[in-house]
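Residue numbers (the numbering used here): 1 to 378.
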Ligand SMILES: CCCCC[C@@H](C)NC=O
């Protein structure tokens with residue numbers, strides 16, 4: 001019988017508190033669950049919003065982290081397609097392949113009950129059976145976005161993990177678990193950018209830079225990067241931005257600047273900050289008739305935006321995108337293969353590597369505009 005594993009995890013005991021590295025107990029996987037030894041994990045703004053108590057109704061105490069890579073340690077009853085030793089990526093956007101959404105090519109958001117609880121509706125932070133696999137100091141610890149990667153071992157539902165080639169080089173590949181796939185796919189799948197088009201990306205963090213890479217891969221003629229941190233501009237240009245602008249350097253709204261610079265607005269707009277005021281500016285910078293704006297950034301609970309409905313009457317569109325529109329089980333192995341074949345270079349998104357116990361330092365780097373860090377968990 002598979003035993004409980006005692007290991008290190010970075011626990012958030014309550015909102016606004018830093019991570020606390022604790023010894024936690026990780027229970028064996030139940031039926032249709034997989035226990036994974038996490039080898040590396042990215043640090044993402046969504047995790048940071050959960051730490052700040054600004055990510056929907058997260059339950060505390062919680063183990064966050066949602067973009068990792070690891071090795072299967074054990075599998076529960078009824079699990080097919082995985083065995084101990086397999087190299088895997090946990091999926092915050094699972095794919096059950098049974099529900100109406102998984103059978104519909106138009107969406108990648110699985111709507112099986114297990115997923116709705118943790119992704120689309122009020123996050124339960126629990127496994128499908130309504131219980132947790134983590135305990136610490138006698139308390140149950142919630143999971144996060146079906147994954148929880150800031151721990152040496154985690155347990156996920158079998159629909160929330162995918163096997164990748166065992167010879168895949170480790171560490172950086174964890175970015176395919178969220179950041180890279182989210183930005184790159186929002187361009188190729190959600191917006192379907194066409195060659196020669198004009199694009200703008202608001203927010204040049206990991207997701208925004210991946211969107212810039214997607215616009216370049218899609219053959220856009222103009223790729224404008226927008227960020228208030230000009231230190232991000234060099235890498236954005238290296239990855240494909242044709243120009244970068246800082247809203248703080250203008251005495252008029254950035255959408256007006258963009259409308260003037262592009263003779264009437266952008267064909268494709270990618271909003272990666274999650275800030276409502278930036279979303280409004282982004283939508284208003286799109287072409288009045290041909291413009292499509294893709295909302296990728298995650299706003300805080302209760303935040304809203306106000307728009308003049310007439311701005312859509314000539315044909316503008318507004319849509320959302322989770323995990324870049326990729327059906328995760330089908331697409332992650334292909335993205336990993338493309339990475340190995342150097343069809344894109346996500347390594348450039350990694351600016352720092354830190355040992356697990358320095359996770360709080362990692363988030364300080366993220367908050368101070370360093371593009372990307374991740375933790376090597378030995
Ligand atoms: C509704 C919740 C969506 C969460 C999407 C996050 C994980 N994307 C990038 O961080």
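Positions of the beta carbon are idealized from the N, C-alpha and C atoms, including for glycine.
Exposed or buried, which one is residue i when buried takes at least 16 other CB atoms within 10 Å?
i: residue 310; result: exposed
i: residue 286; result: buried
i: residue 54; result: buried
i: residue 95; result: buried
i: residue 316; result: buried
i: residue 227; result: buried
i: residue 50; result: buried
i: residue 329; result: buried
i: residue 4; result: exposed
i: residue 239; result: buried
Alpha carbon to alpha carbon, how far is residue i from residue j?
i: residue 84; j: residue 344; result: 30 Å
i: residue 255; j: residue 341; result: 38 Å
i: residue 128; j: residue 157; result: 7 Å
i: residue 6; j: residue 106; result: 42 Å
i: residue 248; j: residue 262; result: 19 Å
i: residue 242; j: residue 57; result: 39 Å
i: residue 200; j: residue 89; result: 30 Å
i: residue 219; j: residue 100; result: 33 Å
i: residue 319; j: residue 138; result: 44 Å
i: residue 292; j: residue 268; result: 5 Å
i: residue 313; j: residue 284; result: 13 Å
i: residue 155; j: residue 91; result: 12 Å
i: residue 305; j: residue 275; result: 10 Å
i: residue 225; j: residue 259; result: 14 Å
i: residue 216; j: residue 365; result: 27 Å
Look at the Cβ atom of residue i, then the Cβ atom of residue j, and state whether they are nearer than 9 Å.
i: residue 346; j: residue 175; result: yes
i: residue 67; j: residue 35; result: no
i: residue 10; j: residue 65; result: yes
i: residue 133; j: residue 27; result: yes
i: residue 87; j: residue 170; result: yes
i: residue 151; j: residue 63; result: yes
i: residue 164; j: residue 350; result: no
i: residue 43; j: residue 374; result: yes
Taking only beta-carbon atoms, is residue i less than 9 Å away from chain B?
i: residue 106; result: Of the protein chains in the structure, only one exists, and it is not chain B.
Quick one: residues in its chain with C-beta nearer than 7 Å to the C-beta of residue i, no 5 flanking neighbours on either side, listed in chain order?
i: residue 369; result: 229, 231 and 232
Can you determine whether any heavy atom of ligand 2 sits closer than 8 Å to the C-beta of residue i, and answer yes or no?
i: residue 69; result: Questions concerning ligand 2 fall outside what the structure shown contains, since the ligands it does hold are ligand 1.
Among residues of its own chain, excluding the 5 on either side of residue i, which ones have a beta-carbon nearer than 6 Å to its beta-carbon?
i: residue 214; result: 184, 187 and 188
Those runs of the beta strand (DSSP E) which lie wholly inside the region 244-295 and span at least 3 residues: List check, beta strand (DSSP E) in window: 268-271 and 292-295.
What are the start and end residues of each continuous alpha helix (DSSP H) run of 4 or more residues lying completely inside the region 19-104, in chain order?
Here the runs fully enclosed are 45-51.
Segments assigned alpha helix (DSSP H), at least 4 residues, entirely inside the region 327-363: Positions of the alpha helix (DSSP H) runs, each at least 4 residues long and wholly inside the region 327-363, are given as 328-340 in order along the chain.
**Study point:** beta strand (DSSP E) segments (min. 3 residues) lying fully within the region 128-163
**Key:** Considered as a whole, the region 128-163 harbours 134-136, 139-141, 153-157 and 161-163 as its complete beta strand (DSSP E) runs of no fewer than 3 residues, in chain order.
TODO: Taking only runs that begin and end inside the region 177-210, name each unbroken alpha helix (DSSP H) of 4 or more residues, in chain order.
DONE: Listed in chain order, the alpha helix (DSSP H) runs fully inside the region 177-210 are 179-185, counting runs of at least 4 residues.
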